[in-house]
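Chains as they are written, first to last, in the numbering used here: chain A, 658 to 1095; chain B, 658 to 1095. Where is the CB? At the ideal position from N, CA and C, for every residue including glycine. Here the structure is a predicted model, which means the values were calculated and not measured.
2 protein chains.
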Amino acid sequence: MERVEPRTLAGFMELLPNEQILFNQMKEKIENTYKKFGFLPLDTPVIELAEVLLAKAGGETEKQIYRFQKGDTDLALRFDLTVPLAKYVAKNYGNLSFPFRRYQIGKVYRGERAQKGRYREFYQCDIDIIGDGELELINDAEIPAVIYTMFRELGFEDFTVKINNRRILNGLFESVEQKENSVEILRIIDKIEKIGKEEVIEEFKKLGLKDGQIKNILDFIEIEGTSDEKIEKLEGLGITNPTYMQGVEELKTVIKNVRLFGVPEANFTVDLTIARGLDYYTGTVYETFLNKYREIGSVCSGGRYENLAEYYTEKSLPGVGVSIGLTRLFYKLNELQIIKANRKSIADILIIPMLENLEEPIKLATKLRNEGINTEIYLNDKKLKAKFKYADKLEIPYVIVIGEDEIKSNEITLKNMLTGNEEKIPMDEKAIVNIVKK
Amino acid sequence: MERVEPRTLAGFMELLPNEQILFNQMKEKIENTYKKFGFLPLDTPVIELAEVLLAKAGGETEKQIYRFQKGDTDLALRFDLTVPLAKYVAKNYGNLSFPFRRYQIGKVYRGERAQKGRYREFYQCDIDIIGDGELELINDAEIPAVIYTMFRELGFEDFTVKINNRRILNGLFESVEQKENSVEILRIIDKIEKIGKEEVIEEFKKLGLKDGQIKNILDFIEIEGTSDEKIEKLEGLGITNPTYMQGVEELKTVIKNVRLFGVPEANFTVDLTIARGLDYYTGTVYETFLNKYREIGSVCSGGRYENLAEYYTEKSLPGVGVSIGLTRLFYKLNELQIIKANRKSIADILIIPMLENLEEPIKLATKLRNEGINTEIYLNDKKLKAKFKYADKLEIPYVIVIGEDEIKSNEITLKNMLTGNEEKIPMDEKAIVNIVKK
């Protein structure tokens, strides 16, 4: 027979079972946090009509998209979960209750150039709160509380949700009459840590900015201090256009309410350089950093937008949301050995039968499963040593051997495979649960 | 602005939140059952190299496939979870422990002709047990136990796992010297309920079968009785070729062990007409029917195969497994009103604040979330009536209103939205949990 080499496409994550168990645990923790805050589940198709999916897209996104014909139909794979949400809300407007709070966890597709740590298929885990015509600012303060709860749940303590407001940046650029250069200016600001202040000034000059304008921008990005001090300094900069003033006022309210939502001071801060792309977000913006691993970049980002679905409906649908790129996060955490795929089995207990009649081992397994213990029976006829090797290799936490003696005495030995400890207990599911669930 | 009509492709399921909640509950129950039996999780890419995915495919499958170019690469979307499993096991052979027990729940794609209840994107929920070189027959008996546990978990009682063995059919056809017509004969047998025995005889004759051959086949498919009686009659048919005899012996052993695995007599039976396609399964085969809803067809099917990955590796990898097509099952159960999407909210409690300062409502929400209660705070500034309407529309089970009075008295009223009952209790998460978790 002619054989094909079994291989997986570059840029597509495919994990070994121990890694998959860890990945799924993280995904589940994220989902549970979203549910705790009452977000509703959504699951849209991976394939959409290209016309629908690309109603808004352009530039880079369009180039990266997986697009193809099937019969006469022009199809594309979703590249994020926001466009499908916009389509969904516009389509089902009459059947939804607003504010519509939804989460979606699913794979998205971008045909990026293949390189280490870049994925073409990756999980996004999104939440959004969509208002009908209006959505009050207090919602912007709940999002950091969700992020905080989620990263605590994922086992992190030292992380910071950075919060800014796009109106402040827009107002600043308006005040120095550089609205048309805002994209370019933000790009330059973004590099300041890497290239230094002098180089930034040079680049500003090349862009045609005058000394006074440069000074104003630098004064702004050099604002330091606590969140409250930053806001106070923003108010003292002397910029008075309505956009700027509204932005500062919003940021102040959001920060006040983030405290109310119980996010500790250590886990959030005002960061005036956060901008999150340029044409989508209009108010509050968020990025989240693991402080010891800044090199990973933002691990959870998002913000407030004026209008979710303007390409599909005349309804005004303002919203606020954030997204985690779970596949990349998992890859990075794993690479930096911040997380470790310890667990190789789903089974908590392996029952090894050493007799012809499997009745008793199977009965015990069924009882244990009913108690919520994942239980596997080793069903293949091997030597005891080979059976233990299987448990060992899969790192199944507990092993019970059942032979004629155990049936007669109604006593079993529960072996903890990690410590090597053996305990003689009655062959009774409750006795076993007591130890395993400890 | 020019707008695009927001629409979803025909043949792609996209649910409203209440339906999605129900769908996810079913998916979770299936996953939890698979985990209870110790199956390991797997999550392979949706996109694969066409060459890899289509190593074996042909005919109908190939026509239905979503296949396209990206750059120079010939890609295809997976059309089942078995081929990706074969690729995965062949590729990672050295890193897996055998028997390799894995589950995978994910979307697959088939560009079928669009028609009601037919999906082009649908969830499959698979388990397989793969042996290295050999896999003992006892594994075939565990599968019905998994199916039984799963459908009980899904709330069904009156269902039957039908079990057969392909060797018996092959042996029968061999005995009447009709091996080369086996596909056609099975197709005719399959129609007997619809067209009746006389018509079947006519079709057999057209195929060139002689009276004696027809009689032997009819004697076979007319075998009736309990599972044990059927097996006894099979043994008495006088067919003696090794294929047939091995098939009967295997079926006998599997049935004996299915009992051992605790599947009640009412939930399984030998059905000699079950065949499950022709070129893949080689031994035990399963189909599962909801007895009151036979029109749905089999809701969980699979079987034993000789060699999982022969197109990728020279290793012999026998296996046994089953699959649920969850999307179609959900559609059918919903259509027949066997299941009903009652729940419209993920939140167990909606807290409605009726005061300026949200500190206490937010504190209470955080405490409730820590107790495992999904809690939403109504954050938008509406009249009390509008807030209750939101709870009503989303059918959130419990509502707590917190105003100045409640803060002063430290007492709240917990309203059960289903019964209308109101209970005055301390503003304390434990007191609330006691009622809500009841």
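Query: The region 988-1014 of chain B: positions lying closer than 9 Å to chain A by Cβ; Result: K1001, S1002, I1003, A1004, D1005, I1006, L1007, N1014
Query: A/Y780 versus A/I687 - alpha carbon distance; Result: 12 Å
Query: With 16 other Cβ atoms within 10 Å as the buried cut-off, status of B/D729; Result: exposed
Query: Buried/exposed call for A/T883, threshold 16 Cβ in 10 Å; Result: exposed
Query: CB contact below 8 Å: B/Q781 versus chain A; Result: no
Query: Cβ-based neighbour list, A/N827, same chain, cut-off 8 Å, excluding 5 preceding and 5 following; Result: K836, S839, T900, Y901, G904
Query: Rounded C-alpha distance that separates B/V709 from A/G768; Result: 19 Å
Query: Rounded straight-line distance, which links the Cα of B/L1075 to that of B/Y1055; Result: 8 Å
Query: Cβ-based burial, A/G978 [other Cβ within 10 Å; buried from 16]; Result: buried
Query: Residue burial classification, A/N796 (beta-carbon count within 10 angstroms, cutoff 16); Result: buried
Query: Limits of the unbroken alpha helix (DSSP H) element including B/G869; Result: 868-878
Query: Residue-chain proximity (B/R961, chain A), Cβ-Cβ < 8 Å; Result: no
Query: Inter-residue spacing [alpha-carbon to alpha-carbon] between B/I784 and A/E879; Result: 58 Å
Query: Counted within 10 angstroms of its Cβ, other Cβ atoms place B/N821 as buried (16 or more) or exposed; Result: buried
Query: Contact under 8 Å by Cβ, B/R758 with B/I786; Result: yes
Query: Through-space distance from A/K862 to A/I852, alpha-carbon basis; Result: 15 Å
Query: Collapsed DSSP secondary structure at B/T806 in the structure displayed; Result: helix
Query: Nearest-angstrom Cα separation, counted from B/I1092 out to A/F696; Result: 22 Å
Query: 8 Å Cβ cutoff, A/D700 in contact with chain B; Result: yes
Query: CA-to-CA distance, A/E1052 to B/V803, given in whole angstroms; Result: 23 Å
Query: Bridge partner(s) assigned by DSSP for A/K819; Result: A/T926, A/E944
Query: Inter-stretch contact (C-beta, 8 Å, three-pair minimum) for the region 917-936 of chain A and the region 811-819 of chain A; Result: yes
Query: Cutoff 8 Å: A/S754 Cβ touching any chain B Cβ; Result: yes
Query: Residues, ordered as in the chain, of the region 709-733 of chain B that lie near chain A by beta-carbon distance below 7 Å; Result: V709, A712, Y723, F725, K727
Query: Cβ neighbours of A/I931 in the same chain (closer than 7 Å, five flanking residues each side left out); Result: K819, N821, V942, E944
Query: Inter-residue CB distance, B/D1005 and B/T1032 (contact presumed, cutoff 8 Å); Result: 7 Å
Query: Member of A/Q721, A/F830, A/V1090 whose CA lies at the smallest distance from the CA of A/L1021; Result: A/V1090
Query: Limits of the beta strand (DSSP E) - the one that A/Q903 falls within; Result: Here A/Q903 belongs to no beta strand (DSSP E); instead the alpha helix (DSSP H) covers 899-917.
Query: Under 8 Å (Cβ pairs) to chain A, residues found in the region 667-685 of chain B; Result: F669, M670, E671, L672, L673, P674, Q677, I678, F680, N681
Query: As assigned by DSSP and simplified to three states, the class of B/D885; Result: helix
Query: Interface partners of A/A747 on chain B, CB under 8 Å; Result: P663
Query: Limits of the unbroken alpha helix (DSSP H) element including B/L1021; Result: 1016-1027
Query: Selected residue, minimal CA-CA separation from B/A966, among B/K692, B/A712, B/A743; Result: B/A743
Query: Cβ-Cβ distance between A/D700 and B/L990 below 8 Å; Result: no
Query: Cα-Cα separation between A/I912 and A/A798, rounded to whole angstroms; Result: 7 Å
Query: C-beta atoms of B/E1086 and B/K1024 nearer than 8 Å; Result: yes
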